[in-house]
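First comes the structure, then the notes that go with it.
There are 2 protein chains.
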Amino acid sequence: MDIAVITIGDELLIGQVVNRNAAWIAEQCTALGARVVAHSVVGDDAHDLQQEITRLGARCAMLLLTGGLGPTHDDITAQVLCSMANDHMVVHPDWLAHLRAWMQQRGRELTERNAAQAEVPSTATVLWNPIGTAPGLMMSIAGTTVIAMPGVPQEMKAIMTDQVLPRLQERIALEEGPLRSYHVLQTTGIAESNLADLIGDPTAFLGSATLAFLPNLQGVRLRIGVEGRSVEERAREAERIIAVLEERVGRFIFGTGEISLSQAVGQRLNERNETLAVAESCTGGLLGAAITDVAGSSSWFPGGVISYDNRIKIGHLGVEPAALERVGAVSEEVARQMAEGIRQRMNTTWGIGITGVAGPGGGSPDKPVGTVWIAVSGPKGTRAMRHQFGSERRTNRERSVGAALGMLWGELR
Amino acid sequence: MDIAVITIGDELLIGQVVNRNAAWIAEQCTALGARVVAHSVVGDDAHDLQQEITRLGARCAMLLLTGGLGPTHDDITAQVLCSMANDHMVVHPDWLAHLRAWMQQRGRELTERNAAQAEVPSTATVLWNPIGTAPGLMMSIAGTTVIAMPGVPQEMKAIMTDQVLPRLQERIALEEGPLRSYHVLQTTGIAESNLADLIGDPTAFLGSATLAFLPNLQGVRLRIGVEGRSVEERAREAERIIAVLEERVGRFIFGTGEISLSQAVGQRLNERNETLAVAESCTGGLLGAAITDVAGSSSWFPGGVISYDNRIKIGHLGVEPAALERVGAVSEEVARQMAEGIRQRMNTTWGIGITGVAGPGGGSPDKPVGTVWIAVSGPKGTRAMRHQFGSERRTNRERSVGAALGMLWGELR
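For the protein sequence lines, the chains are P and X, in the order given. Residues 1 to 413 in the numbering used here are what the first sequence lists, from first letter to last. Residues 1 to 413 in the numbering used here are what the second sequence lists, from first letter to last.
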């Protein structure tokens, strides 16, 4: 069951709006076992839209469109579908009645512009929109099922959930042949290329499955795609491959699926009934923000100190002025004292200290931009590590957060 | 100058990753006056990629590709470009030397897999990547300029900013005909609909220009689009419209272009030679992170305390236990005491205190999820405001940060 997603609108084309609709639609369809083969964005242009429907329709059993169904002059989708199907527009009496009631409920008149939204191609199936004034449309064009939905995310999601996904599931159930599903293993503390070396030649064990390496700032995700005719068959195949990966790189895997490193750390701390406090210099609160992004983090995270200035390191963390003078703020000694100081002052099991040169300024020959010291202090003492990240401030800060959480996760393993 | 954006990767196709790269690229190109005519997402599939380059290349002067340049088996972009140009791969000595130095600096060996990233098509121009191990590539394929960049957003953005956009600007300058360019005014502290009411009917002053309202978490951006044959003509037209907007809603405008509210606040503090410290509960470090996102913020931001737990509010900020007991942590009184406490303890001109219910748990009938108290303490006393945001944890935290910075900006105006 091959599917393509076409999103329509100048606001997407010029980058004013991020195309979250396409990702959401693709995720839902993939979860049911459909294969999404392309996403395409076109502007509010009838000719371009027609071309894309023709091109992708030749390849797919189903096209999912969003956008261009509103009441203004730049909404062209219904007209394009109508003309491609050599159809004509008719008034849909149920939708017109619904619109009238909808307006009445809001104390508004049904304007001509609104009433026009009840005009649909005569061969279209109307897909009820429980939220907005434009219904979804389903038509057959040259043998392909074309489904058009509004671009407003809530309306699109309601129509997808109530009307489209159940139909898709039925059609997939009727299909023959294997389906594909995906599994993710999350790793931290190892570079993409080293991970690939440890795993070795994947073709030796993959069979018909696929393996992708997806690096981000907290580590590298391993995405496994497996094929099988049934849920059970796919689960067995996934298990087989996960077992190989666990054996080869298991010590770097912190979780499966869309778990974040903060969540993984939080789960461990909760299980162990332990707590964490942070002392942040170059990250300036970003580590605390990542930790408290997890709902319920209050049970293991009382707080921290953002010690951007050396006076705060001294006064609020107990860092020794002599150490700052002797080796500077970006140093192993200060990172250790920050971690130990916050652990003691907030009375937690663990303390993290981060101090570094985020950039673009502040670098020196022996401490260039991207130099970051991270210390983790716990019941068995304090460990510190020097990192050399790159030249970009934002990346350096985010990688510091990933490295700090990864380091603590290593201690809790 | 027609451009298409092609993003490559199964993770995009299946909806696991939202295509933010395409939006960012399109926004940058549009700002320079280029016309983005299509976005396309293809999987890690050589045949599909080749087809898209052929199809969109026939229509565009330039194609911008991201993804598929990494060191693993599913990275196919360089090979596809090479074969489409009937070219062969060669080792790029400068990039190989750079990779060797890069690894050495990090105390790592240059593996064979990493070294392979210095292999590029012989006719490609290498676009320096200041952050990662894969360089960008620029080639001519059937008369179209094809530029391939890594999919990691920071790497793509660095290559775009340093290498691609300047080249694009040069080529556009050689073109004829009226071009469109965009200007942004950033507002805070006023809702979109109130802003629209104050501005009045825009058709009365816009002429051929356009005006869009783009709300985000720190306020509402006003995007002005103007047409003209020369840079000067467009600048004059933009100035005329900006003058009208300044007159009507100037007191809510904190900056022009892509300035952030943290930057605007930082500029004001710097000019006034003043400083700020923060005490964060529900935002957990997010406000500090937004402030220190600005390079040079150390001159006006010594630090703060993340007081997620009430014991930290008491011990590290001087909040009265009696107040916590009487009115609870999410209250005007506690927000005020947090702002005043951090201002005094870090000896700054200004102090901000944030305490709220981010959700999803922790709500009650009189303090539902989304209730946030923000206090700003300064030389003339302390002001506090209650906000009622929505049900989504992440959004509530980000809106709290925007509201806190907006409130301080109002004081500094």
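Beta carbons are placed, not taken as given, at the ideal position from N, Cα and C, and that holds for glycine.
**Q.** Residues that residue 121 of chain P bridges to, as DSSP identifies them
**A.** P:89
**Q.** Cutoff 7 Å: residue 365 of chain P Cβ touching any chain X Cβ
**A.** no
Q) residue 360 of chain X and residue 399 of chain X look like a contact to me (Cβ under 8 Å); what is the Cβ gap, rounded to whole Å? A) About 16 Å separates the two Cβ atoms, so there is no contact after all.
Q. Are the C-beta of residue 40 of chain X and some C-beta of chain P separated by less than 7 Å?
A. yes
Q) Taking buried to mean at least 16 other C-beta atoms within 10 Å of its own C-beta, is residue 131 of chain P buried or exposed? A) exposed
Q: Consider the Cβ of residue 404 of chain X: report whether some Cβ of chain P lies at a distance smaller than 7 Å.
A: no
Q.
List, in chain order, every chain X residue whose beta-carbon is nearer than 7 Å to that of residue 307 of chain P.
A. 303
Q) Is there at least one Cβ from chain X nearer than 7 Å to residue 19 of chain P's Cβ? A) yes
**Q.** Stretch pair the segment 60 to 77 of chain X + the segment 120 to 140 of chain X: three plus CB contacts closer than 8 Å
**A.** yes
Q. Can a CB atom of chain X be found closer than 7 Å to the CB of residue 388 of chain P?
A. yes
Q: Closer than 7 Å, Cβ to Cβ, to anything on chain X: give me those residues from the segment 325 to 358 of chain P, in chain order.
A: 346
Q: Can you give me the start and stop residues for the alpha helix (DSSP H) that residue 146 of chain P sits inside?
A: Note, residue 146 of chain P: premise wrong, no alpha helix (DSSP H); beta strand (DSSP E) at 144 to 149.
Q | Close-in-space but distant-in-sequence residues of the same chain around residue 219 of chain X (CB under 8 Å, 5 per side omitted) | A | 186, 187, 188, 189, 190, 252, 254, 261, 402, 406
Q. Going straight from the alpha carbon of residue 63 of chain X to that of residue 42 of chain P, what length do you get?
A. 15 Å
Q: Could you please give me the residues that DSSP links to residue 3 of chain P through a beta bridge?
A: P:36, P:62
Q | Short CB-CB distance (under 7 Å) between residue 321 of chain X and chain P | A | no
Q: Check whether the segment 44 to 57 of chain X touches the segment 15 to 23 of chain X, counting contact only when three or more Cβ pairs, one atom from each stretch, lie closer than 8 Å.
A: no
**Q.** 7 Å Cβ shell around residue 96 of chain X - same chain, five flanking residues per side excluded
**A.** 115, 118
(Q) Can you list, in chain order, the residues of its chain with a C-beta nearer than 8 Å to that of residue 92 of chain P? Leave out the 5 residues immediately preceding and following it. (A) 118, 119, 120, 126, 135
**Q.** Distance between residue 345 of chain X and residue 381 of chain X (C-alpha atoms, nearest Å)
**A.** 16 Å
Q) Comparing the C-beta of residue 393 of chain P with each C-beta of chain X, is any distance below 7 Å? A) yes
**Q.** Positions along the segment 53 to 71 of chain X whose CB lies within less than 9 Å of some CB in chain P
**A.** 55, 70, 71
**Q.** With 16 other Cβ atoms within 10 Å as the buried cut-off, status of residue 203 of chain P
**A.** exposed
Q | Residues near residue 181 of chain P in its chain [Cβ-Cβ closer than 7 Å; skip 5 each side] | A | 33, 226, 234
Q | residue 24 of chain X: contacting residues in chain P (beta-carbon distance under 9 Å) | A | 15, 18
Q) Exposed or buried, residue 106 of chain P, counting other C-beta atoms within 10 Å across all chains shown (16 or more means buried)? A) exposed
Q: Would you kindly work out how many angstroms separate the C-alpha atoms of residue 310 of chain X and residue 352 of chain X, rounded to a whole number?
A: 17 Å
Q) What is the residue span of the beta strand (DSSP E) that residue 307 of chain X lies within? A) 303 to 307
Q) Which chain P residues are close to residue 106 of chain X, counting only those with a beta carbon under 7 Å from its beta carbon? A) 388
Q. So is residue 362 of chain X buried or exposed if we call it buried at 16+ other beta carbons inside 10 Å?
A. buried
Q. Exposed or buried, residue 44 of chain X, counting other C-beta atoms within 10 Å across all chains shown (16 or more means buried)?
A. buried
Q. In whole angstroms, what separates the C-alpha of residue 82 of chain P from that of residue 412 of chain X?
A. 57 Å
Q: Using a Cβ cut-off of 7 Å, pull out every chain P residue sitting near residue 311 of chain X, in sequence order please.
A: 302
Q: Closer than 6 Å by C-beta to residue 175 of chain P: which residues in its own chain qualify, once you throw out the five before and the five after it? Chain order, please.
A: 1
**Q.** Reduced DSSP secondary structure (H/G/I, E/B, other) of residue 297 of chain P
**A.** helix
**Q.** Counted within 10 angstroms of its Cβ, other Cβ atoms place residue 58 of chain P as buried (16 or more) or exposed
**A.** exposed
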